[in-house]
Each structure stands twice: as structure tokens, then as C-alpha cells.
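Working notes, structure below.
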Amino acid sequence: MPVPEWLRKRREKDVTADDASLWQKCPRCSEMLYRKDLVANLWVCSRCGHHIRMHAYDRVNTLVDGDFVEIGADILPGDPLGWADKRPYPQKLKRDREKSKLSEAVVTGFGTLDGFPVALGVMDFNFRGGTMGTVVGERITNLLEEGRRRRLPCIIFTASGGARMEEGMLALMQMAKTTLALQRFKAEGNLYIAVLTDPTTGGVSASFGFAADLILAEARAAIGFAGRRVIEQTIRQKLPENFQTAEFLLEKGHIDMVLDRRELRPALVRLLDYAVGRQRVAPLKAVPELAVP
Amino acid sequence: MPVPEWLRKRREKDVTADDASLWQKCPRCSEMLYRKDLVANLWVCSRCGHHIRMHAYDRVNTLVDGDFVEIGADILPGDPLGWADKRPYPQKLKRDREKSKLSEAVVTGFGTLDGFPVALGVMDFNFRGGTMGTVVGERITNLLEEGRRRRLPCIIFTASGGARMEEGMLALMQMAKTTLALQRFKAEGNLYIAVLTDPTTGGVSASFGFAADLILAEARAAIGFAGRRVIEQTIRQKLPENFQTAEFLLEKGHIDMVLDRRELRPALVRLLDYAVGRQRVAPLKAVPELAVP
Amino acid sequence: MNVIVEREKGLTELEARIGQLRERGTSGGEMLALEQKVEALRRDLFGTLSAWERVNMARHPKRPIASDYLAALDAFDELHGDRHFRDDPALVGGFAKLRGRNVMVLSQQKGRDTKENIRRNFGMVSPEGYRKASRLMDLAARFHLPIVSFVDTSGADPGIGSEERAQSEAIAGCLMTLTRVAVPVVAAIVGEGGSGGALAIALADHVIMAENAVYSVASPEGCAAILWGDAARAPEAAEHLKLTSNDLLGFGIVDEIAPEPLGGAHRDSAPFIQRVLDGIERALSRLAALPAAELLDTRYRKYRRIGSWRGKGPVRAGGLA
Amino acid sequence: MNVIVEREKGLTELEARIGQLRERGTSGGEMLALEQKVEALRRDLFGTLSAWERVNMARHPKRPIASDYLAALDAFDELHGDRHFRDDPALVGGFAKLRGRNVMVLSQQKGRDTKENIRRNFGMVSPEGYRKASRLMDLAARFHLPIVSFVDTSGADPGIGSEERAQSEAIAGCLMTLTRVAVPVVAAIVGEGGSGGALAIALADHVIMAENAVYSVASPEGCAAILWGDAARAPEAAEHLKLTSNDLLGFGIVDEIAPEPLGGAHRDSAPFIQRVLDGIERALSRLAALPAAELLDTRYRKYRRIGSWRGKGPVRAGGLA
Ligand SMILES: [Zn+2]
Ligand SMILES: [Zn+2]
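Protein chains in written order, with my numbering: chain G, 52 to 344; chain H, 52 to 344; chain E, 1145 to 1465; chain U, 1145 to 1465.
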């Protein structure tokens, strides 16, 4: 997969992990996978079909036609609670930033999918377990407000352990903030699709995760409100293997579709076609500078 | 209970059954009940609390403050299918009319409840098992249309075995017709309360029965979609005693309140107060002649 | 026992024999005579059908079912679930392309074999199925997509679970949604139209009914059981119920009949399915031209006049004056 | 073990002894000295409370629970059920009169004893409870009634059934409803405000918090378990989480604190409950004056600015500049 201009620019500072090594081990079946094949297969294990968690920028890159104009990258976390347990919160942020090559747990911006212009948000579990703090809340809210202004469909890929503890109630309030933005976005007839990826739980699941017009999930993704361990501690027994999987949720009627990652983009394009019609534009080359409020 | 003017007029032609005998047997505990006491107790058995099915006019009389202006009494059933099995349909209608002292399975009109003007519909199981044919559909629709025109709350007491077979698909279509009228009625912010009485099933249950803002039920009333016998035949076993009772439905979250009949009128008045506020008028003495479309 | 299946047996043998003869190269007068004989037999067997025979046509094991119609669309993307409790396989819904037009499709899905029928609950929809339908209808309205429904159910599921989860409320909810959605709604009664469980997705601006489909206030068996305590008298009840496409066209309850090939839709299903889709397409074209307010108003008036009372004095409501 | 209950033990003995003395007619200097001693002890015990102590206050077995607030209203008519699956006793809702004003009340209901707590699931709400809440909120909006909620839950129910019935969707649904209803919403955090399960009915135009209530992104035990693998370090976690009324007033997350009597609301609950109702009444009076559009806009902006980023350049979002 060629590295487009927008991503190359980004990688000057944030080199994504996939440049790092030639081989990667499947975390499920332990098969050693040749990195280039794995990338071509969208990080799906060619042996067991396991969907390896994707880096947010890689996800964006596999979705958009060409250019991607990121917004909100300059919104960075503070330390509102002055949190320090083993390590001060700012140190944890710094470490995650280095580890994940991301400035926060969500990437937001604009691009086109097979010609359909969309507002796109992609969460990344590598940054603080994809938890939602003030920055995730703010970036998602900006994306929805900006998407609403432009009357664009919005697609958000979730991956989250819930609200971020180190930002306390300010983090929890992002559930309210994003939901308010989502309400306004949807009230004007704009399409919102949530794609739940592994894992999606807690405050993200219970706000913009499940308040979508259409809810898609990646195969075998773990999705729920309470975490598996919390439930097991509560009921004091082991949960069945398939509990809280995407497939389980499909059967229970919670989500519209479960898709293999390799079927995801074509499905999104079809859904965009159904819901907003063929209002395609040429692949986005440049997006005028955003007026973020 | 004094017989008001509107009801006395009606009784000149339709003498209700409660004038007929001094004593009545409770169908549940077999206690012989003195008719006058029974009436004073709203047809609730003083021994076992059983709610004896009420005659529609008696129900109206126990609800309204004074006058009741009936509409739709001149809408009478035809025989659209030319139905004749053991007896032709018109003969069945004639017999039910004589037996029930009713012209059809619902009485509709306007009155006040503790000063609140309301559109009121009361079904009666004594007429063709409270089944909904074209007349019930038409009277309910007129009530809702007229209630909407006057911006009045509407209360309907249901008691029905479902759609009336002898009017075939014309009967079934009354589900659509009444629901369309109800949609328009509700869309303009008018309050609709359904009071489910024993028994309420089938097409009435699955249209204006369960599409209400507030759903009340009388204690121990049998309420469901499929009839008890149909289910037992399907599953080939006896159903538990409390299945499809009002109390069962309350637990299952289907209805707002279950009430003893003697608590029903005060509860309705309180609900009217909450939802439409104290816009009481003096007890209705006369209602201007209706312009039924 | 399906009376149509029984009746087909002799015919099928004869047809098979003609096929064999044709393979062997037989032609000319002998062949022609045989073919005329078969044709006459077909007319004899299926030329005029009683109400009960149509009930059996509607329930014929080879009759096209919802999935056959869905397969004939340009595209179909199924959407699952009521978001709360369960995905009901008896009610299949999703986005589709019908002759190039984006639509929302809802259908009651029977199975082709026993296993599939068990999975699909024989096309009997549970509350969560109706709630899925309501959800998808609202979604359709939100994105200005017409709604197309394929109706084929003996009735709403009458089980304990369905009662526990408020079947009445679910059906009433579907009906309320259909009275509200400001997009064209076209329903095709393609098999059994069983009572409120069918109507729940068939309150529509335009209703097409397959010639041999039935649409009834109650099942003939149920009706016979109630009236005479004898479900075996279903054939008689079927006549009373006026459940055929001709009856219902006459009552103004269906708007159009899709004629079936002699012997029923299953005897030449592909062109028949296209004929149903033709009808849907025509209706959608016509309805697409109406402004939303007019569409809703026309829908209201369409049902308002069914069994309605007009004029003054004690006029009979069901008389269809 | 509740640290407040433990601490109260000595005090309760002393108070009982004073009562006995007073009954025996003791008065004068001896009595005064004793009373001063008790007062000093109260100040000593409860004058300043740590976060963890407040957690224990919020969980105190004698603390007023939702039903105590409901009992203090002029009238309350409970409305039941989500219309689909079950009536959840952990979420109590209905019409009420609050100081003569018609309102819709929603509350998380713990039990006073074990039996009642089991029935109420310890105030942990299941999806059907949140769906009942959504339904009643919409009903309130439909009839222009303000919404008042009493929040007291350790969190949404984390059981298998709740996951099976889409707890996330239910909470998201409540939040979506609260962003939409064009009527005043006032929330009172009266006991435990446990995470998303509390917020689901607390997204409000005005939030009142009882002085010793807590409102937290995660339970102190859960937080300690995640951070240090040791739930016993909950007291430490409580300090980190900034979950007290003072903290949250500072963050602009709550709008008003209802001061409690020394030693906690349960030590003189009737006037405290009236104080909370005073606050609600004031807020409702103020909010009733706003036109619907302004109300919704103000609600939006209220939450929009929590942890929001303003200006240009790499400004820190959580900084609350
Ligand atoms: Zn693998
Ligand atoms: Zn009795």
C-alpha cells in the first residue's frame, strides 16, 4: 500500500509501527506473518483470520481515496486533576505518545471514500487504551460540528476502554458533550455510522458508539458496556467464549452488520450510497482551512 | 347512583340489564350480590374483589360528571361480506343488540371528568365479544378526529376479542384506520390514555390499545395479542394462571399502571391534571351539535 | 396436506412424460396432441380456483418466498436487529436497489425446508422483528428512501415469549410508524397475509397482491374453530372470509393484482417475480412525484374510507355505499 | 465496613447518654458541658471529610434514598415499564407535584434493607430501566413537564442480562433523549453518582449535588483495582478521582451544592430534603422562563465548554484555562 502525501508528512514526526520490522506474530494463532503481506491483507491474519488491532493512521489510509485533512491534531491533553499515582499523568501521556506515535486516542478529519466526502474519526487502542478524555471528547465534538456545518456523513471507528480515569469527571462529561453534538448533527438529517472495533466498551460504547444510525462491527470484536472482567467478578463465574463478541451482539439484535475487515470499506461505500445517494465528488485533494470554533 | 338525563333518554329504548333483577351472582366466587350494593361498588365483588364486566353506558355514567353527548350512535353495522354461517350476520347483530342493549361494541362521545373535558370511548364485550368491525373503527376514528378538532384529551376503555371475523378484511383495516387517526391526534400534542379492561386482545390490543401515551389496566384484566387458547394450542401445554393478566404485564413493563376499578377515576383525573393541567371547565351541560365529516 | 400439491401430482407425471418424449425426439401430431391434453388439464385443474385452493396456493411449498424476491433485486444489504433484544430471522430488512432505485425493504421470511423454517419461525414474526421493522422504517424516512414490503406470514408469532415481550405493542408500533413515515410505502402481499401480523408491514400507499395470495382477518382454520369448533371446516371458512385478491380488489383494500401463471407463481416464478417488481416500480414512480404532505394525506384518506360512514341518518357503515 | 458508621458509634453512645440524662431531668452546667463536648466531637469527627469519607457518607445505610425524596413531594404517581420487556424497580419514574408544579420525576432507587435492595438491584439500573427513563422523558417533553432526576447509583447494572439487552445502547439512548427534550431538566446527585449509569439521567440544565454525595468517572474500588490491582486502595483512589461536590463545583460540572447537616444528611434528613427541593424549585423557576430554543442552546453550551479547546495553537484541552 503506497504511503500518501498526507500520511508521509505525518510520519516525518510520527513513524508508524509498521515500518519497524519485517515480521509480526499473530497474537491469536502465533503465526509469523510477513509484514508486507499483512499490510496488504489489512492486518488480518492470513492463517486464522484474526483482526489485528490497527493503527489509527493506517486505518484512515486504508479507507480514504487519497488525501486526508486532519483536524484537531493541535488539541492536546492537559492534566486537569493533577493526577499522579505510580507515574504522573503527563508522563503516561508522553510514553503513550511515543509508543503509539499518536498525539491522542482519536484521529479526526475529512476525506473521501470512493468519492463520498465524509467526516472521519478513528480511535486507537494504543493510546491510553483508547480511553476518552477531554481531547477525545473535544476532537469528536469538533468533527461532528464541522461535519454538520458541511452537511457530510460522519463515520467513527471506535476502540475504547471507556472514559479515562486520569481526567476524572471531566472525562465522563465527554459522553454528554459528544452526545449533544451528535444530536445536533443527526437532527439535521446527516448520516452517522459507527464502526465498533476491538474493543469498544464503557463511556464510548454508551455514547456515540451506540447512538448511530447504522452500527457496524468488525468480526470477533469485543463490544459491551461493562468489561468482561468486571462482569466475571460480579457473577463469580467464567463467561462463555462468544459473550460480548460482535457475532453475539448481532444475534442479540444490537448491531446492524458484522463484517470482515476486508469487506468493510465496500460495505461503507454501499451504505453511503443508500443513505446519502450518489453525491460523489472527485477525490479530496485539498480541504479549505477549517474554522474550528 | 342516580340515572342522569342523557342516560335516562337512552334507556327509554335500551333498558340496561342492571334494572332487571335484584341480585347478581359473582362469576368468580359465586357470592350473591345485592344489585344496589354492587352498582355502588362499581360492579366489583365485595367478597372477592372480582371486577365484573361493565356495561358501556354504566361505565360512561360512572366516569362523567354529568352530561354525556354521544356521537356515532347512528353509525350502524351493515353486512359487507354477506356473511351467513349458522345464522346470517345481520341476525347475530340483531340478537346482540337486544341482548346488550347497545347498537354496537363501542360507545363514543364527550363529557367531563371532574371538570376536565374529554373525548371518551368505551367498548363493551357484550356486543359481539367487543370485536372491532367497521362501526367500531368508524366510531373510534370519528372520536379521535373530533377530539383532535377540539384539542381534547381522549380516553378509550378497551374490551375486545379482536377484529370481527364476519366483516373480514374490512374489519382488519380498521386497525389501520384508527391508527392513522390516532397518529394525527397525537401528533398535535393531544393526550391519549388507553384503559385496558377484561379482556383486550387481537386487533384492538395491537392498534389503539397499545399505542397510547399512557396505558392503564384494570386489576386482573386479561390482556394480550393472541388469545389464551390459541397459545395453549400452539405450545400444547397449560399456561400459568397469571399469564396475560394486567399484573403480569405490569411486571413485564408493558403498561403504566394497574388499578382497582374504584381507584380508576381519581387516577384518570390526576393524570389529566399532570398532562394537560388545570384547564377545567364547568361540568358539561350541553355540547354543540357535532359536525361529523 | 396441500390440495394444490395433491392436484399437481398427475400433471407433473404427464409433464415429465412429455419431457422424456421430447428428449427422445418425438414430435409432430402425437406430441401436439399430448401437449394440448396437458394444457387442457392445466386449465381444468387451475382455471378457476376456490378460496380454499388459493389458500393452498399461498402455502404451496414451492411458492416463491421473500428471499426469492430479494434475490431478484439489483442489490440487498441486510440490516439486523431491534437494537434491544434480538435479531428476528422471520423479519428480514435492509437497504436494497430495486431497478436502480434505493429503497428500504422489509419482508416476512419463511424457510424453504424444515431447518430453515424452524430458524425463520415459519415466517411468524416476534415483537423484536416488528421493532426491527419500525426502526428500519424510521431510518428509511430519515434518509428519504421509499419502503417496500413483501408480506408472507400465517400471522404474528403467538408464543409465550412474544406475549411476554408485548406483541401487541410491537404491532401497534409498526402501524404507528407507517402512519408517520413521509416516504412512499408499497406493500406486496405475495403469499399468506395473515391478519394483524401481516398488516403490521402492509399499511401502504399502494398494495399489490399476487393473484393467488390470500389476505385474511383470521386464518381459515382459526375461523372454523371459533365458529364451528372444527378447524377441519377451514375450506368453508375460507369462502366466508373473502380473502382472495379479487375480493380484496373489490373492497378497495388492495390496489392491484399481479396475475400468476396458470397453476401458480411457482410454475414459472422468475417472470412472475419480475411482474411484481414491475408493479412496485410503477407505484414508486407515481408516488415519488407526490409532496410529503400530499402523500400522507392520500394515505390517510385511503384507509379513512374503508368501511366509513357518510351522510346523515342511520347509514350502515360496512355497506361500502 | 462503612467508615462513617464506625465513627458514629462513639458519638451515638454519647448522644444516647445525654438523652437519658435529659429524661431524668438533668440540666444546668453538667448538661451544658456534656452538650458542648458532643458538639465538639461532632465537629472533630465530621468537620472536614476526606474524599473517601464522603464516599462512605454517600453509601451510608441511613442516608436518604430516592423514595425519601419522592415521599416529600406533594404527590407522586408512578409510571411503569419500558413497554417492551420489563419494569425495572431500580429506576422509579412518574408524574409528580413538586411545590405545586407538575413535573416528571426519575430516580435511581436503592433499598433500605436487604430484601428491598435485592428487589431494587441495589439501585443499579438495567437497560429496561434506562429505556423506561427515556420513554418518560419523551412523555414529559410531549406534555411540557420539566424533568427532575434523583441520582443515587453505584453504576449501571453490570450483569449478563444487561449486556445481552444492550446496556450501552440503553444509556446512549437516555443521553440522546436528554439532549433533545425541550423542557427544563434538573438533576440532584443525592448519594452515589456512579459513572455513565448516573450520567444517563443527569445530563441536565442544572445539577445540584448534595454536599457529601460523590460523582465519579469510576468507583474508587474499580479505579484502585485497575491502577494498582488492589481494590483495597480505594481510599487513595477516591482522593485522585476528584469526586466530591467541592471538586465538581470547581470544574463547573455541578452548579450548586446542597449543604448537609454536620455528620451527614441522615442526621437530620427532613430539612435537608427540603433544602434539595428548594434548590430544584429555584432552578425550575429560573429555567421555566427560557424559551425552548434558548434552553436547548444553553444546555449545549454548558457541556460544550467542559474540557473544551479554545483559541489557536497547541492548547491543552483538559486545562480548563
Ligand atoms: Zn492468526
Ligand atoms: Zn366474588
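Note that beta-carbon positions come from the ideal geometry of N, C-alpha and C, so glycine has one too. Keep in mind the model is a prediction, meaning the values are calculated, not measured.
- Counting along the chain, Ala-297(H) sits inside the alpha helix (DSSP H) bounded by residues 297-302.
- For a Cβ distance threshold of 9 Å, nothing in chain H lies close to Arg-1324(U): the least Cβ distance comes to about 16 Å.
- For Glu-1308(U), the residues of chain G that pass the 8 Å Cβ criterion are Lys-303, in the order they occur in the chain.
- A distance of 8 Å or more separates the beta carbons of Thr-113(G) and Leu-1319(U).
- Judged by DSSP in its simplified three-state form, Val-115(G) adopts coil rather than helix or strand.
- For the segment 1210-1229 of chain E, the residues whose beta carbon sits under 7 Å from a beta carbon of chain U are, in order, Arg-1227, His-1228 and Phe-1229.
- Cβ-Cβ separation between Leu-1421(E) and Ala-1216(E): approximately 6 Å, consistent with a contact (criterion under 8 Å).
- For the segment 193-218 of chain H, the residues whose beta carbon sits under 7 Å from a beta carbon of chain E are, in order, Ala-214, Met-216 and Glu-218.
- Non-local C-beta neighbours of Ser-154(H) in its own chain, meaning closer than 7 Å and more than five positions away in sequence, comprise Ala-124, Leu-127 and Arg-148, ordered along the chain.
- For Asn-193(G), the uninterrupted alpha helix (DSSP H) segment begins and ends at 185-201.
- Under the DSSP assignment, Thr-1258(E) falls in the alpha helix (DSSP H) whose first and last residues are 1258-1263.
- Residues of the segment 1393-1416 of chain E whose Cβ lies closer than 8 Å to any Cβ of chain H, in chain order: Phe-1395 and Ile-1397.
- By the Cβ neighbour-count rule, Tyr-1447(U) is buried, with 16 or more other Cβ atoms within 10 Å of its own.
- When the Cα atoms are used, Ala-1348(U) and Tyr-1274(U) turn out to be separated by approximately 16 Å.
- In the DSSP assignment, Arg-1245(E) falls within the unbroken beta strand (DSSP E) covering 1245-1252.
- Not a single C-beta of chain E is nearer than 8 Å to the C-beta of Tyr-243(G).
- Put simply, of Glu-1425(E), Thr-1297(E), Asp-1226(E) and Gly-1172(E) the residue whose alpha carbon is nearest the alpha carbon of Glu-1313(U) is Asp-1226(E).
- A straight line joining the alpha-carbon of Ala-135(H) with that of Ala-268(H) spans about 36 Å.
- In terms of side-chain proximity, the C-beta atom of Glu-1365(E) is found no nearer than 7 Å to any non-hydrogen atom of ligand 2.
- At a cut-off of 8 Å, the C-beta of Gln-1252(U) has no neighbouring C-beta in chain G.
- If you check the C-beta of His-101(G) against ligand 1, you find a heavy atom less than 7 Å away.
- Distances between the C-beta of Arg-79(G) and the heavy atoms of ligand 1 include at least one below 7 Å.
- Annotation for Arg-98(G) indicates a beta carbon within 7 Å of some heavy atom of ligand 1.
- Residue contact check for Glu-1313(E) against chain U: a CB pair falls below 8 Å.
- In terms of beta-carbon proximity, Lys-1446(U) stays away from the interface with chain H, with every pair separated by 8 Å or more.
- Counting every other CB atom within 10 Å of its CB across the protein chains shown gives Thr-252(H) a total of 16 or more, marking it as buried.
- Relative to the non-hydrogen atoms of ligand 1, the Cβ of Glu-269(G) never comes closer than 7 Å to any of them.
- Taking 3 residues as the minimum length, the beta strand (DSSP E) runs contained wholly in the segment 1195-1252 of chain U are 1219-1223, 1235-1242 and 1245-1252, in order along the chain.
- Between Ile-103(H) and Arg-1286(U), the alpha-carbon positions lie close to 35 Å from each other.
- Ala-277(H) places its beta carbon 8 Å or farther from that of Met-226(H).
- When distances are taken from the beta-carbon of Glu-298(H) to the heavy atoms of ligand 2, even the shortest one reaches 7 Å or more.
- Exclusion of Glu-1167(U) from the 7 Å shell around ligand 2 follows from its C-beta lying no nearer than that to any non-hydrogen atom of the ligand.
- Take Arg-215(G), set aside five residues on each side of it, and the residues of its chain with a beta-carbon closer than 7 Å to its own are Arg-179, Thr-182, Met-183, Gly-184 and Ala-222, in chain order.
- For the pair Phe-208(G) and Thr-248(G), the Cα-to-Cα distance works out to about 7 Å.
- DSSP places Lys-228(H) in the uninterrupted alpha helix (DSSP H) bounded by 219-238.
- Under the Cβ criterion of 8 Å, Phe-176(H) is not counted among the residues facing chain E.
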